[in-house]
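Enquirer: So the protein lines, in turn, are chains A and B. Here the first sequence stands for residues 389 to 506, numbered as in this note's numbering. Here the second sequence stands for residues 64 to 329, numbered as in this note's numbering. Yeah, the Cβ is synthetic: ideal placement off N, Cα and C, and Gly gets one too.
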Amino acid sequence: MYFRPLALIVLLLVTTAAPVLADARGDARKQVEFGIAVAQKGLWREAIYRWIRATELDPTYAQAFNNLAVAYEQEGELPKAREAYERALALEPNNLLIQQNFDLFKEINDRTAPGGGR
Amino acid sequence: MTARLQAAAASLAVALVAAGCGTSFTEIPIETPIQAKLNTEQFSRVLVAGFISGGSEDVDSNLETVRLLRSQLRTKSRLRVIDADVLPLMEVAGRQPGLAPEPEDASRAGAAGAQPPGELPPGIRDERDFEQFQTLFANVAYWKRIGEEFQQPLIVTGTILFTPHTRSGFVQREQEVYDSFGRRRTVPVRTYMERKGFILRPSFVFIDGRTGETLHTETFREEILYNASQTTPALSSYFELMDRLLPSFLNTLSSQKIRGTRVLLK
Numbered sequence: 389m390y391f392r393p394l395a396l397i398v399l400l401l402v403t404t405a406a407p408v409l410a411d412a413r414g415d416a417r418k419q420v421e422f423g424i425a426v427a428q429k430g431l432w433r434e435a436i437y438r439w440i441r442a443t444e445l446d447p448t449y450a451q452a453f454n455n456l457a458v459a460y461e462q463e464g465e466l467p468k469a470r471e472a473y474e475r476a477l478a479l480e481p482n483n484l485l486i487q488q489n490f491d492l493f494k495e496i497n498d499r500t501a502p503g504g505g506r
Numbered sequence: 064m065t066a067r068l069q070a071a072a073a074s075l076a077v078a079l080v081a082a083g084c085g086t087s088f089t090e091i092p093i094e095t096p097i098q099a100k101l102n103t104e105q106f107s108r109v110l111v112a113g114f115i116s117g118g119s120e121d122v123d124s125n126l127e128t129v130r131l132l133r134s135q136l137r138t139k140s141r142l143r144v145i146d147a148d149v150l151p152l153m154e155v156a157g158r159q160p161g162l163a164p165e166p167e168d169a170s171r172a173g174a175a176g177a178q179p180p181g182e183l184p185p186g187i188r189d190e191r192d193f194e195q196f197q198t199l200f201a202n203v204a205y206w207k208r209i210g211e212e213f214q215q216p217l218i219v220t221g222t223i224l225f226t227p228h229t230r231s232g233f234v235q236r237e238q239e240v241y242d243s244f245g246r247r248r249t250v251p252v253r254t255y256m257e258r259k260g261f262i263l264r265p266s267f268v269f270i271d272g273r274t275g276e277t278l279h280t281e282t283f284r285e286e287i288l289y290n291a292s293q294t295t296p297a298l299s300s301y302f303e304l305m306d307r308l309l310p311s312f313l314n315t316l317s318s319q320k321i322r323g324t325r326v327l328l329k
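#1: Within 10 Å of its beta-carbon, does Ala177 (chain B) have 16 or more other beta-carbons around it, so buried, or fewer, so exposed?
#2: Tell me the rounded alpha-carbon separation between Ser292 (chain B) and Arg236 (chain B).
#3: Measuring only between beta-carbons, confirm whether Pro96 (chain B) sits less than 8 Å from chain A.
#4: Would you say Ala427 (chain A) faces chain B, with C-beta separation under 8 Å as the test?
#5: In chain order, which continuous runs of the alpha helix (DSSP H) of length 4 or greater are located wholly inside the stretch 131-157 of chain B?
#6: Going by DSSP, which residues form a beta bridge with Arg253 (chain B)?
#7: Taking 8 Å as the cut-off, does the stretch 211-225 of chain B touch the stretch 268-287 of chain B (at least 3 CB pairs, one atom from each stretch)?
#8: For Arg258 (chain B) versus Leu288 (chain B), is the C-beta distance shorter than 8 Å?
#9: Please classify Lys100 (chain B) as buried or exposed, where buried requires at least 16 neighbouring CB atoms within 10 angstroms.
#10: Can you check which of these residues, B:Glu104, B:Gln98, B:Ser87, is closest to Pro216 (chain B) by C-alpha distance?
#11: Does DSSP classify Gln105 (chain B) as helix, strand or coil?
#12: Does the contact criterion of 3 or more C-beta pairs under 8 Å hold for the stretch 483-493 of chain A versus the stretch 103-121 of chain B?
#13: With distance defined between alpha-carbon atoms, name the residue in A:Glu434, A:Trp432, A:Leu445 nearest to Ala412 (chain A).
#14: For the stretch 452-479 of chain A, enumerate the residues whose C-beta is nearer than 7 Å to any C-beta of chain B, in chain order.
#15: Quick check on the DSSP output: the beta strand (DSSP E) that includes Ile440 (chain A) runs from which residue to which?
#16: Within 8 Å (strictly less), CB to CB, does Arg417 (chain A) reach chain B?
#17: From Leu309 (chain B) to Leu492 (chain A), what distance separates their C-alpha atoms?
#18: Counting only beta-carbon atoms, is Glu434 (chain A) nearer than 8 Å to chain B?
#19: For the ligand ZN, any of its heavy atoms closer than 7 Å to the Cβ of Gln428 (chain A)?
#20: Shorter than 8 Å from the beta carbon of Leu132 (chain B) to some beta carbon of chain A?
#21: So, using beta-carbon positions, are Pro251 (chain B) and Thr128 (chain B) closer together than 8 Å?
#22: Can you tell me the Cβ-Cβ gap for Ala147 (chain B) and Phe213 (chain B), rounded? I've got them flagged as a contact below 8 Å.
#23: Are three or more beta carbon pairs between the stretch 192-209 of chain B and the stretch 88-99 of chain B nearer than 8 Å?
#24: Can you tell me which residues form a DSSP beta bridge with Ser115 (chain B)?
#25: Can you give me the start and stop residues for the alpha helix (DSSP H) that Glu90 (chain B) sits inside?
#26: Grab me the residues of Trp432 (chain A)'s own chain with a C-beta within less than 7 Å of its C-beta, minus the 5 sequence neighbours each way, in chain order.
#27: Are the C-beta of Gln421 (chain A) and some C-beta of chain B separated by less than 8 Å?
#28: Between the stretch 480-498 of chain A and chain B, which residues of the former have CB atoms less than 7 Å from a CB of the latter, in chain order?
#29: Can you pull the chain B residues whose beta carbon is under 9 Å from the beta carbon of Ile424 (chain A), in chain order?
#30: Grouping DSSP H, G and I as helix and E and B as strand, with all else coil, what is Pro310 (chain B)?
#31: Tell me the DSSP secondary structure of Thr315 (chain B) in three-state form.
#32: For Lys320 (chain B), which three-state DSSP category applies?
#33: Check each candidate in B:Thr226, B:Arg158, B:Ser311 and name the one with the smallest Cα separation from Asn510 (chain A).
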């Protein structure tokens with residue numbers, strides 16, 4: 389008796405949520421692309437702002453976290469860079485491009501560790 | 064190249080293949096600023112005093128290291144480098160009380176019981192031989208006196224061990240093969256090889272010339288191995304190994320920018 393309206397509500401939620409999620413990714417993607425454009429001009433603080441915005445719009449956007457990590461590296465904010473790389477890899481553990489960035493980051497980060505010699 | 068760099072290079076190759084499959088990416092150069100490990104604001108001058116060195120007799124690691132560090136610091140640090148004679152630290156250590164070798168050390172030096180008290184063993188062969196010199200670096204009065212002589216600079220000293228090294232075992236290398244269509248490809252092959260080379264183990268001690276106290280110590284280990292048939296001069300190996308650790312050494316005293324490239328993703 390109550391199944392039909394409930395099913396209707398679920399169907400309605402599913403059909404409306406998908407475009408909302410797609411919109412979130414679309415908006416986040418615009419922020420990511422703008423961030424890349426400004427980063428290429430050396431405006432890294434602006435790029436950071438855009439990529440933070442992208443991760444807020446879509447917290448599952450691994451690429452946005454990767455870019456954010458790169459920007460933090462450029463700014464010398466290494467703990468934040470590590471955190472962002474880890475978030476990116478948690479979202480996409482098999483993404484070789486993110487893994488490659490993270491490996492290079494770790495190489496630098498090791499030098500700054502206390503007593504950084506080997 | 065470290066294992067991690069090799070892994071990064073390998074993952075780059077795979078990543079490029081992935082990129083060829085449609086992943087949208089942009090390569091971008093970055094410069095990561097690295098803060099100096101040691102606050103040197105209170106110093107305007109640096110004295111690379113000299114090192115206790117040992118190992119290969121083909122290279123005077125004490126003199127070479129002093130020359131190299133001074134020239135690097137001249138161009139890559141704000142500190143003014145003091146040009147002075149290299150301190151004869153082995154002699155200074157020999158004159159220090161309590162630096163007579165333990166009986167065990169004396170026997171390792173091949174002169175059990177024959178070593179006159181107060182004299183040091185003739186050769187430094189491994190890291191254990193340096194242990195007895197730690198009191199020299201902790202001799203606050205001595206370093207304070209040196210500091211006063213040179214207007215209280217930051218003093219860089221320490222130990223350098225540069226030793227020949229051989230190792231044999233299985234090594235993986237790439238071998239070219241051609242298939243029946245004449246296409247070339249490389250396959251990893253494990254072969255048994257005898258290799259020889261050098262190990263460089265410097266330990267840098269940074270001393271406050273005003274107080275004579277040790278501010279910071281940094282130890283490194285770098286190794287290079289060549290095919291046993293290859294003849295590489297010891298001095299060229301020494302410079303190759305020093306070249307690897309110089310960025311880290313310089314980063315102790317001054318902020319550095321490390322250049323690299325990263326991949327931005329859409």
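Expert: Taking the geometry as given:
#1: Per-residue confidence for Ala177 (chain B) stands at a pLDDT of 39, beneath the threshold of 50, marking its modelled position as unreliable; the derived number appears in the next sentence. That one is exposed.
#2: Between Ser292 (chain B) and Arg236 (chain B), the C-alpha separation is close to 17 Å.
#3: True, the Cβ-Cβ gap to chain A drops below 8 Å.
#4: At a cut-off of 8 Å between C-beta atoms, Ala427 (chain A) counts as an interface residue with respect to chain B.
#5: You should have found no qualifying run.
#6: Arg253 (chain B) pairs with B:Gln235.
#7: The stretch 268-287 of chain B vs the stretch 211-225 of chain B: in contact.
#8: In this structure, Leu288 (chain B) lies closer than 8 Å to Arg258 (chain B) by Cβ.
#9: Buried: at least 16 other Cβ atoms inside 10 Å.
#10: Nearest option by C-alpha distance: B:Glu104.
#11: Coil at Gln105 (chain B), not helix or strand.
#12: In short, these stretches do not touch, since the Cβ pair count stays below three.
#13: Cα-wise, what sits closest to Ala412 (chain A) is A:Leu445.
#14: Listed by position, the residues of the stretch 452-479 of chain A near chain B (Cβ gap below 7 Å) are Asn454, Asn455, Val458, Glu461, Gln462, Gly464.
#15: Where Ile440 (chain A) is concerned, there is no enclosing beta strand (DSSP E), although the alpha helix (DSSP H) it sits in stretches over 432-445.
#16: Yes, Arg417 (chain A) lies at the interface with chain B (some Cβ there is under 8 Å from its Cβ).
#17: For Leu309 (chain B) and Leu492 (chain A), the distance between alpha carbons rounds to 19 Å.
#18: False, the Cβ-Cβ gap to chain B never drops below 8 Å.
#19: The ligand ZN is not among the ligands present in this structure, which contains no ligands whatsoever.
#20: So, not an interface residue.
#21: Contact flag unset, no.
#22: 7 Å between Cβ atoms; contact.
#23: Contact between the stretch 192-209 of chain B and the stretch 88-99 of chain B is absent: fewer than 3 CB-CB pairs across the two stretches fall below 8 Å.
#24: The sequence as given places Ile at residue 115 (chain B); Ser does not occur at that position. Beta-bridge annotation (DSSP): Ile115 (chain B) is paired with B:Thr222.
#25: Looking at the DSSP string, Glu90 (chain B) is not in any alpha helix (DSSP H); the run it does join, the beta strand (DSSP E), is 88-97.
#26: In chain order, Ala459, Gln462, Glu463 place their CB closer than 7 Å to the CB of Trp432 (chain A), counting only its own chain and leaving out the 5 sequence neighbours on each side.
#27: The amino acid occupying residue 421 (chain A) in the given sequence is Glu; Gln does not appear at that position. Chain B contact via Cβ: present.
#28: So the close ones are Leu484, Leu485, Gln487, Gln488, Asn489, Asp491, Leu492, Lys494, Glu495, Ile496.
#29: The answer, in chain order, is Thr89, Ile91, Leu327, Leu328, Lys329.
#30: When DSSP states are grouped into helix, strand and coil, Pro310 (chain B) belongs to the helix group.
#31: Note: Thr315 (chain B) maps to helix in three-state DSSP.
#32: It is a strand residue.
#33: In this structure chain A extends from 389 to 506, so residue 510 (chain A) is not present and cannot be described.
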